[in-house]
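> If you want my numbering, it's the 1-based position in the sequence shown plus 1.
Dumping the structure here so I can ask a few things about it.
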Amino acid sequence: MSTLISLHEVCKSFGGIVVADHISIDIQRGEILGLIGPNGAGKTSLFNLISGLYPVDSGTITVAGQSLDGLPLYQRARLGVARTWQHMRLFASMTVLENLLVAPRDYPGEQISHIIFRPQQTRTTDLALHEHAMAILHRMNLQGIAHTHVNDITFGQQKLVGLARALMNDGECLLLDEPMAGVEGAAYETMKTIVREEAAAGRAVCVVEHNVSFIKDLCNSAVFMASGKILERGSVDTLLSSKTLADLYFGA
Ligand SMILES: Nc1ncnc2c1ncn2[C@@H]1O[C@H](COP(=O)(O)OP(=O)(O)O)[C@@H](O)[C@H]1O
Ligand SMILES: [Mg+2]
2 MSTLISLHEV CKSFGGIVVA DHISIDIQRG EILGLIGPNG AGKTSLFNLI
52 SGLYPVDSGT ITVAGQSLDG LPLYQRARLG VARTWQHMRL FASMTVLENL
102 LVAPRDYPGE QISHIIFRPQ QTRTTDLALH EHAMAILHRM NLQGIAHTHV
152 NDITFGQQKL VGLARALMND GECLLLDEPM AGVEGAAYET MKTIVREEAA
202 AGRAVCVVEH NVSFIKDLCN SAVFMASGKI LERGSVDTLL SSKTLADLYF
252 GA
């Protein structure tokens with residue numbers, strides 16, 4: 002395994018609230034790292050720092066050795082940072098397929114000049130993207146609802162669509178923010194399968210999740226955060242038997 006994402010001494014605060022306090026984490030290709038901790042620990046903020054929504058106050062974040070310092074979100078996405086959102090952020094009035102087709106970079110059909118002056122190339126790329134999106138939906142057994150509005154599908158299906166959209170750009174770093182929250186049944190099993198497959202394909206995956214059995218089933222190792230700090234890290238079993246974690250997280 003080789004390191005794909007590396008955070009070194011990353012700090013961020015908002016006024017008096019410290020959301021990242023000298024955070025250092027390496028995530029390897031093929032690894033599924035669990036990121037756990039109570040609400041307000043700074044887990045989503047860490048994803049916001051990696052994906053470029055928040056600038057770091059200090060510290061460095063690299064992907065495949067390249068610094069993300071100062072790069073906007075879209076450039077980080079081009080370098081392979083893909084994420085899902087805790088609150089999904091899907092376009093509710095668009096269809097499932099349309100929600101996937103908004104994701105790709107350099108989508109030629111978005112530019113009217115391409116449609117007019119390069120119709121054949123635009124059509125070919127559109128078809129390829131369409132096929133790519135449908136292939137992802139097939140993997141999730143969502144092909145039957147490709148043309149259904151997101152408003153009209155179940156919550157579990159919406160969570161899968163959020164993941165499907167994140168997969169559209171084939172980013173090598175996959176950041177999943179509470180993918181299982183509110184998900185059960187078939188969607189739960191599908192989510193697990195896809196996350197496993199993505200790691201097996203060599204992606205570095207980081208999952209924020211409160212669902213302990215999901216973390217146990219999937220993650221090679223985990224990090225426990227509270228108040229912007231990493232308090233523990235190690236194998237999932239070690240973390241889950243930690244007294245610090247039990248006191249802070251489970252209130253035991
Ligand atoms: N943009 C922001 N401005 C001010 N405070 C923020 C901002 N983003 C996050 N926070 C605060 O940082 C803390 C950590 O939030 P968050 O990263 O969402 O935690 P978690 O995902 O672990 O529940 C919370 O107290 C939250 O209110
Ligand atoms: Mg969060």
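Beta carbons are placed, not taken as given, at the ideal position from N, Cα and C, and that holds for glycine.
Can the beta-carbon of residue 142 be found closer than 8 Å to that of residue 191?
Yes. Within cutoff.
> Between residue 169 and residue 73, which are expected to be in contact by the criterion C-beta below 8 Å, what is the C-beta distance as a whole number of angstroms?
That pair is no contact at about 19 Å.
> For the candidate residues 28, 11, 17, whose alpha-carbon lies nearest to that of residue 235?
The shortest C-alpha separation from residue 235 is found at 28.
> Just verifying my parser: in three-state terms, what is the DSSP assignment at residue 121?
Three-state DSSP puts residue 121 in a helix.
> Buried or exposed for residue 171, going by 16 or more other Cβ atoms inside 10 Å?
Classification for residue 171: exposed.
> Quick one: Cα of residue 51 to Cα of residue 16, how far?
Approximately 20 Å, taken between the alpha carbons.
> Taking one C-beta from the segment 140 to 154 and one from the segment 174 to 186 each time, how about it: are there three or more such pairs within less than 8 Å?
Contact fails: fewer than three Cβ-Cβ distances are below 8 Å.
> Output yes or no for whether 8 Å exceeds the beta carbon distance between residue 260 and residue 173.
Past the boundaries of the shown model lies residue 260; the chain is included only from 2 to 253, so the question cannot be answered.
> Can you list, in chain order, the residues of its chain whose CB lies under 8 Å from that of residue 103, leaving out five sequence neighbours each side?
Hits under 8 Å: 92, 95, 166.
> Relative to the C-alpha of residue 198, which candidate in 137, 155, 162, 54 has its C-alpha closest?
Closest option to residue 198, Cα to Cα, is 137.
> I need the DSSP call for residue 178, collapsed to helix, strand or coil.
In this structure, residue 178 counts as strand in the three-state DSSP scheme.
> Along the chain, where does the beta strand (DSSP E) that runs through residue 248 open and close?
Careful: residue 248 lies outside any beta strand (DSSP E) and carries neither H nor E.
> One question on the structure: do residue 46 and residue 20 come within less than 8 Å of each other, judged by their Cβ atoms?
Cβ atoms of residue 46 and residue 20: closer than 8 Å.
> What are the start and end residues of the alpha helix (DSSP H) that includes residue 218?
Per DSSP, residue 218 belongs to the alpha helix (DSSP H) from 213 to 219.
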